[in-house]
Amino acid sequence: MPPSTLFRSEEMSLIQLFIPSEVSRLTVSHLGERGLVQFRDLNPSLSSFQRSFTAEIKKLDDLERQIRILSEEAEKHDIPIPTCEFDSPEVSRPQTIREIDELYELLNTNEQKILQLNSSYNLLQKQYFQMIEQHLVLQETGVFFQEVQSEESNIVRSSLDATQTSALLPTDVEAGITDPSARSSAVGFVAGVMSRQKINTFERILWRSLRGNLYMKQSEIEEPLWDPQSDEAVEKNVFIIFSHGKELLGKIRKTAEAMGASLYSIDDTPEERRAHALRISARIEDIKNIMDNNNQTRRMELEKVSNDLSSWFTIVKKEKALYHVMNLFNYDQNRKCLIAEGWCPTNDLAALQSALKDSSENAGASVYPIMTELKTKKTPPTYHRVNKFSAGFQGIVDAYGVAKYGEVNPGLFTVITFPFLFAVMFGDFGHGVILSIIAGYMCYKEKVLKKLDGGEMFDMLFGGRYIILLMGLFSIYTGLIYNDIFSRGMPIFKSGWNWPVPTQEKEIIDATFNGSTYPFGLDPSWHHTDNFLLFTNSYKMKMSILFGVLQMSCGVILTVFNHVHFKDTYAIWAEFVPQILFLLCIFGYLSVTIIFKWLTNWSSSPVSPPSLLNMLIYMFLSPGSVDPKDQLYAGQGTVQLALIGVAVICIPWMLLAKPFILKRRHRNMVHANPIEPPKLDDPPKITDGQASEEEVNQVFTEEMEEEEEFDFSEIMIHQIIHTIEYCLNCISNTASYLRLWALSLAPAQLSAVLWEMILQLCYSMEYPLNIVSIFVGFAIWFILTLGILLVMEGLSAFLHALRLHWVEFNGKFYQGTGHKFDPFSFKTLFSGSEDD
């Protein structure tokens, strides 16, 4: 990929297409396969119901609904549905209108069959469970009647008062009198099935409403029964209630029905009950056989269409996308063609012309679509051509804001600066190796892992696999610079320090410098010293300032490219020059003094190393004067006074230069070209997506964008805010880079704690306990290293690196006010969410 593609967005062209009606669907389908054009809506005043292809879209919506119903039914019956990719041969070609009509008839037929079978099955299922309930009621009430005959009055006395007993269970029942006319004047009963959760409430309601004038018997049903109202299995009880009088029995029935009970009639004699039970058992068996046949028939029907459901869904979705896009076009009745307008990358115009030609040749049409390029002052969408490597880094930039068209794209610099700043905070050779192995595996197996559905978190990690790989590789590099592997030093080369042998335990010894410099990175001898933390603090803090000033200076320099591209060359000396001078006169000077202090041999100097923080503070508190004890070089006071003077001059320079230049340019423009009031013409009238040739020409004729009214006070206020913000941000942003120092200490200290508290403790145990403890300790150490250091600290370093790029770097030159190029593409359609 050429660097210019990442440095700035691609050049875009506004194109106009005249597509003959007979090849319109085929042409739009070819464009959807290529993904070259972002179409504009030429009918913004029309609602979705007034557009040309609303009827076709409604028909496709109905097809999609039918496919979804068949798919749900297939899933209920555990019938596998093979997946179909959008670019597979059976769906890649555009479908003809006749094929869509045949698919509509086929789906209608299958839907009616399945719905009819479902309706019959539901009815049979309802009858089946009703028969089951009735059979259970007969069975349980039969047992109850046997108990009544055997126990006689003992049951009555244990349940009710003696005065009520004579009324509820008269002697004719106990004596076996079965004449209905005789019993109706005495005792009647109601039997049925009710949910177990409601049965106790039901009993209390009846007891209070009937004032205890009843006798109720219930038993639990072991297996749950299907409830048609809730469409789920419910635990139920069988009950039978005795009372006398038609009014009381009617009240019991109404109360039971109101609480969702199923009531069933019971025969009077045991012989009739047994015969009824036999008839119900036979009926249950018949219904079960019919339901099995229904299921088998339904499964066969679903298996016939299951292999095609995915391809049908893909076809319908592509057809809907075609008509949605074609609704953005205008229809020219005179030319019998669709007129479209959209944005296309200038480098892809030849490919677009080839796609239009191929679509006509495949359709066998004698006419070809015509493409013309329009001149416009409208702001095009922003398009950065990326590959699988650069897509993740560009996504980091786009998350902050899409670049304005023609604006410098930070994505090119993010490829290097983002993993490097991450590694400065995460610098450990061992952690970097683990991170690189994980990311390298995802890159090596990307074709296999790409098809894996691992959830949102996995997709996020897989999409940033190349970012993680570079973060790991840069962490290996900074780990070598820090000479740090799991908080331990790596004696790769000979140390520059000599350590004498201690004569007694816990003796404090001083190392001697042998005059040789460690070839690469930090000398591992520092890991054993008492002042290791003091040394690394000073080193990493100054290093963070240097990196921050360098990156912010690069961000300010990149504003020059934006000024040149947008032809605001006056802003180079009105904004860029004072901004870079202000930054370098203060923090650039601080960076120079840091390097100067590092290069000075203070062991041979008569004075101690001065504090650079105090130097920066007194540079403003007492300009021009430097304490001899804190002096770095001769003439330091004069140099600092000059730098302060330049920085102070830059503030009104930034504040006043740009507003007065714009005011003078506006005044000269008004005198040179006096503006006449524009004549307002009636807008073209377009209805139902159709327009006359004159109206179409008016729609496609690009009008000059109106210039914003010049307001000097508004510009001045904006410039005051911008100047104050820049001056304060130079201080706060520089201090913000100290997070590179702070966060680099946390993983090192945590890693040292894990090493000392786990591995070192296991090594110190006596034999043979140390053999087992080493294996257990290593497992615990490795899990904590992955969970705390790689995941938690890695995520923390990632977020802080992201913040440094979004605020400290991008804030210097990047506006991010553009809109992204979103071409019509089937690939994007099928890779996005259902809402997209």
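Numbering-wise, the sequence shown is residues 1 to 836 according to full-length UniProt numbering. Just so it is clear, CB atoms sit at the ideal spot from N, CA and C, and this is done for glycine as well. Because the structure is a prediction, the values reported are computed rather than measured.
On a Cα-Cα basis, can you pick out the residue from the options that is closest to residue i?
i	options	result
A647	S92, I580, G455	I580
P369	A282, S751, R25, A797	R25
L356	L60, V37, L662, Q296	V37
G440	I468, V424, G427	I468
N498	I485, S487, W526	W526
E220	V193, G811, S243	V193
Q551	S736, L613, F389	S736
N92	E319, G794, T569	For the record, residue 92 in the displayed sequence is Ser; it is not Asn. The option with the nearest alpha carbon to S92 is E319.
D358	K820, G479, F566, T27	T27
C344	T414, S825, R196, G555	S825
residue 847	K58, L740, L17	Only positions 1 to 836 of the chain appear in the structure, and residue 847 is not among them; the question remains open.
F202	H244, E235, A261, N213	A261
V305	L107, A321, V626	L107
I438	T417, V415, G472, K246	G472
residue 839	E808, G455, T536, K445	Not covered by the structure: residue 839. The range shown for the chain is 1 to 836.
F53	S88, F329, V187, R283	F329
Y383	Q353, E361, T417, N347	N347
I586	S604, T600, P623	P623
V590	L632, Y518, Q218	Reading the sequence as shown, one finds Leu at residue 590 and not Val. Nearest of L632, Y518, Q218 to L590, Cα basis: L632.
I'd like the list of long-range same chain contacts for residue i, defined as Cβ closer than 6 Å, with 5 residues on each side in sequence excluded.
i	result
G411	L6, F393, Q394, V397
R273	L138, G142, D267
K404	Q815, T817, G818
E705	Its pLDDT being 44, under 50, E705 is placed unreliably in this model, and the value from its coordinates should be taken loosely. K377, listed in sequence order.
P678	Caution is warranted here: a pLDDT of 46 is assigned to P678, below 50, making its placement in the model unreliable, and no coordinate value can be reported.
K542	I594
G479	G427, D428, F429, G432
Y121	N294
T828	none
T372	Q16
E793	P747
N697	Residue placement at N697 is flagged as unreliable, the pLDDT there being 44, under the threshold of 50; the coordinate-derived value follows with that caveat. The answer is none, since no qualifying residue turns up.
Tell me, which residues are paired with residue i by DSSP?
i	result
V791	DSSP lists no partner for V791.
H14	Note on residue identity: the sequence assigns Leu, not His, to residue 14. Looking at the DSSP assignment, L14 forms a beta bridge with W343, L374.
G192	F239, L263
A233	W226
C337	P20, D332
F513	W497
S488	Reading the sequence as shown, one finds Arg at residue 488 and not Ser. According to DSSP, which records beta bridges pairwise, R488 is partnered with I485.
Q38	W343
K208	Strictly speaking, residue 208 in this sequence is Arg, with Lys absent from that position. According to DSSP, R208 bridges with nothing at all.
E220	N237
Enumerate in chain order the residues of its own chain whose CB-to-CB distance from residue i is below 8 Å, with the five nearest sequence positions on each side excluded.
i	result
D682	Bear in mind that the predicted position of D682 carries a pLDDT of just 44, short of 50, making it unreliable; the figure below should be weighed with that in mind. Once the five neighbours on either side are set aside, D682 has no close Cβ partner at all.
L309	I67, L70, S71, A74, I81
K113	E301
T297	L117
A365	P20, E22, V23
K450	F462
E523	According to the sequence as given, residue 523 is Asp; it is not Glu. Once the five neighbours on either side are set aside, the close Cβ partners of D523 are N483, S495, G496, W497.
Just to check, is the beta-carbon of residue i closer than 8 Å to a non-hydrogen atom of the ligand HEM?
i	result
E33	No copy of the ligand HEM appears in this structure; indeed no ligand is present at all.
State the CB to CB distance for the pair residue i and residue j, rounded to an integer number of angstroms; the pair is presumed to be in contact (CB under 8 Å).
i	j	result
V190	I132	Their Cβ separation, rounded to whole angstroms, is 19 Å, which puts V190 and I132 out of contact at 8 Å.
E575	K658	6 Å
E99	Y323	Not really, about 15 Å apart at Cβ, beyond 8 Å.
R299	E10	Wrong, their Cβ atoms sit about 54 Å apart, outside the cutoff.
F644	M619	Sequence inspection shows Ile at residue 644; the Phe mentioned does not correspond to that position. The Cβ separation is near 7 Å, so the contact holds.
F566	V408	About 11 Å separates the two Cβ atoms, so there is no contact after all.
Please list, in chain order, all residues of the same chain as residue i whose beta carbon is under 7 Å from its beta carbon, the five residues on each side excluded.
i	result
S159	Residue confidence for S159 is low, a pLDDT of 44 falling below 50, so the modelled location carries little weight; the figure read from the coordinates is stated next. Y215.
I661	Y570, A574
P823	G35, L36, V37, Q38
I19	T27, C337, L338, A340, P369
A511	W497, N498, W499, S525
S796	L743
V234	S195, P224, L225, D227
L470	P419
V549	F587, G588, S591, T734
Practice prompt. Entirely within the segment 715-789 and at least 4 residues each: give me those alpha helix (DSSP H) ranges in chain order.
Written response: 739-754, 760-763, 769-784
Item to complete: Would you list, in sequence order, the uninterrupted alpha helix (DSSP H) runs of no fewer than 4 residues that lie entirely inside the segment 595-673?
Response: Restricted to the segment 595-673, the alpha helix (DSSP H) segments that are unbroken, complete and at least 4 residues in length are 612-621, 636-672, listed in chain order.
Worksheet entry | 4-residue-minimum alpha helix (DSSP H) runs that sit fully inside the segment 357-433, ordered along the chain | Qualifying alpha helix (DSSP H) stretches, in chain order: 391-400, 411-426.
Worksheet item: At what residue ranges does the segment 530-598 contain a whole run of the alpha helix (DSSP H), taking only runs of 4 or more?
Response: 532-565, 577-583
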